[in-house]
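S.K.: There's a structure below that I have some questions on.
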Amino acid sequence: MKFCKKYEEYMQIQDQKNYKLPGVGFKNLKKILKRCRKDDMIRSQNSLLVDDTNSDNSSAACTHPCPVCDGSFFPLLMKEMSMVVGCFNERAQKVLDVHLATGFRKYFAWCKDTFKGNHGAFIEEGKDLVGYAIINALAMRKILKKYDKIHDSKQGQAFRSQVQSMHMEILQSPWLCELIAFHINLTETKTNLGNNSELSKACSLVFNDGKPSLRCELSDSVKIEIDLTCSICLETVFDPVYLTCGHIFCFMCACKSGSVTIVDGLKAADPTAKCPLCREAGVYEGSLHLEELNILLSRSCPEYWEERLQTERAERIRQTKEHWESQSRLFLGI
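Following my numbering, the residues of the sequence shown are numbered contiguously, the last one being 366.
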């Protein structure tokens, strides 16, 4: 089955589940490329008729720059990708908020789902969202590869690099990392998810030479592997946070690199503060605590986790004490 048809069938199934998820207009984008190639072949044939030459034009390709594609293809793809990533992040956040809810909020969410007769449906939605991310990432790669093939260029590859630098690649989303950890946690606790689930088999936490990474393989051409070693302390990330540049650090390590205390938090970091790994500025304000990943690592590395917990607890108490002492002196004018 061709990918275009497979993609359309997948999106139709999601619509039947009332998810109403936006997608990449794969067929429309291919039509733009087909029209571009057709117009270029006509121009080539007319030019050859004028030159009174004979050659085979069946493989004529549109060359870059191409006003047709530059004016319609990339802007349309960018718009659709923005909608896909935005919707994915919003839906994934809602699913994980329900799972991580505590106290009255958790009881309210449970009652709401029970009365509707769909208790546990959010788990199924979380599984579908991972598949949604994978297939849309695959759709983008295939259509950009098609673009480069038709134009005999590397503009599609350059566009993909631009999207990644703008952090609009769906596989870069921290919510995807959280959903993968979410499903591994459910599999380990055997809650509402059978071990025969395709997603359960595809998602795993692996250790290579003691270094952990999060892995997901739902497609032969799209495989995700997220390194879970903090680049600052060179240990397994503890209380992990995801910076907007896409790198994961321990919360306390990230606070040190951002020159802020744990009391003030990463939101208080200077806008010009840079990621210690890629040196991109302004990455702390939009940071995200990876709570599902934190749960997964605490279960998988209990001895290490307890040791780090004791060490960081003492440091947190020290910083908190210093913070309130400085606030007291400021208040008293000392």
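Think of the CB as a built atom: it goes at the ideal place given N, C-alpha and C, for glycine as much as any other residue. Computed from a predicted structure; not experimentally measured.
1) I need the DSSP call for LYS186, collapsed to helix, strand or coil.
2) Three or more C-beta pairs closer than 8 Å, one from the segment 273-288 and one from the segment 330-337: is that the case here?
3) Look at the alpha carbon of GLY365 and the alpha carbon of SER236, and state the distance between them as a whole number of angstroms.
4) Tell me whether ARG311 sits in a helix, a strand or coil according to DSSP, three-state version.
5) State the beta-bridge partners of THR261 as determined by DSSP.
6) Exposed or buried, what is SER90 when buried is set at 16 or more other beta-carbons lying within 10 Å of its beta-carbon?
7) Please state whether DSSP places TYR51 in a helix, a strand or coil.
8) How is the alpha helix (DSSP H) around LEU246 delimited, first residue to last?
9) So who's on the other strand from ASN60, going by DSSP bridges?
10) By the three-class DSSP mapping on this structure, what secondary structure does LYS34 have?
11) How many angstroms separate the CA atom of SER360 from the CA atom of SER291?
12) What whole-angstrom Cβ distance do PRO303 and GLY314 have, given they're in contact under 8 Å?
13) Pick from LEU246, MET110, CYS310, ASP241: whose alpha carbon is nearest that of SER263?
14) Identify, in the order they occur along the chain, each residue of the same chain with its Cβ nearer than 8 Å to the Cβ of VAL273, setting aside the five sequence neighbours on each side.
15) Sorted by chain position, which residues of the same chain lie with C-beta nearer than 8 Å to GLY149's C-beta, five sequence neighbours on each side aside?
16) Please go through the same chain and pick out, in chain order, the residues whose beta-carbon is closer than 8 Å to the beta-carbon of GLU344, but skip the five residues on each side of it.
17) Quick check: the Cα distance between ASN78 and ILE182, rounded to an integer number of angstroms?
18) Give the DSSP bridge partners of LYS306, in chain order.
19) With a threshold of 16 other CB atoms inside 10 Å of the CB of PHE105, please say whether the residue is buried or exposed.
20) If I measure Cβ to Cβ from GLU210 and keep anything under 8 Å in the same chain, skipping five residues before and after, which residues do I get?
21) According to DSSP, what are the bridge partners of HIS321?
22) Classify ILE166 as helix, strand or coil using the three-state DSSP reduction.
23) If you run the structure through DSSP and keep just helix, strand and coil, what is GLY149?
24) Taking Cβ to Cβ, would you say TYR39 is nearer than 8 Å to ILE216?
25) Where does the unbroken beta strand (DSSP E) through SER236 begin, and where does it stop?
26) Using 8 Å for Cβ pairs, my map puts LYS178 next to LYS62. What's the rounded Cβ distance?
27) May I have the straight-line CA-CA distance separating ARG173 from GLU267, to the nearest angstrom?
28) Rounded to a whole number of angstroms, what is the C-alpha to C-alpha distance between GLY118 and TYR51?
29) Taking the alpha-carbon of ASP160 as reference, which of LEU208, GLN351, ARG340 has the nearest alpha-carbon?
30) Who are the near neighbours of TRP337 in its chain, counting only those whose CB is closer than 6 Å to its CB and skipping five residues on each side?
M.R.: Quick answer:
1) coil
2) no
3) 55 Å
4) coil
5) THR268
6) Because SER90 carries a pLDDT of 41, less than 50, the predicted location of this residue cannot be relied on, and the following value inherits that uncertainty. The residue in question, SER90, is exposed, as its Cβ has fewer than 16 Cβ neighbours within 10 Å.
7) coil
8) Here LEU246 belongs to no alpha helix (DSSP H); instead the beta strand (DSSP E) covers 243-249.
9) In DSSP, ASN60 forms no bridge with anything.
10) coil
11) 22 Å
12) 5 Å
13) CYS310
14) ILE280, PHE281, CYS282, PHE283, ALA286, LEU298, SER319, LEU320, HIS321, LEU322
15) Because GLY149 carries a pLDDT of 44, less than 50, the predicted location of this residue cannot be relied on, and the following value inherits that uncertainty. Here the set comprises nothing.
16) PHE270, ASP271, MET284
17) The predicted position of ASN78 is uncertain, since its pLDDT is 49 and thus under 50; a value taken from the coordinates is nonetheless stated next. Cα-Cα distance, rounded: 20 Å.
18) ALA313
19) buried
20) ALA124, LEU128, LEU322, GLU323, GLU324, LEU325
21) VAL273
22) helix
23) Its pLDDT being 44, under 50, GLY149 is placed unreliably by the model, and nothing is read from it.
24) no
25) 235-240
26) 7 Å
27) 34 Å
28) 14 Å
29) LEU208
30) SER330
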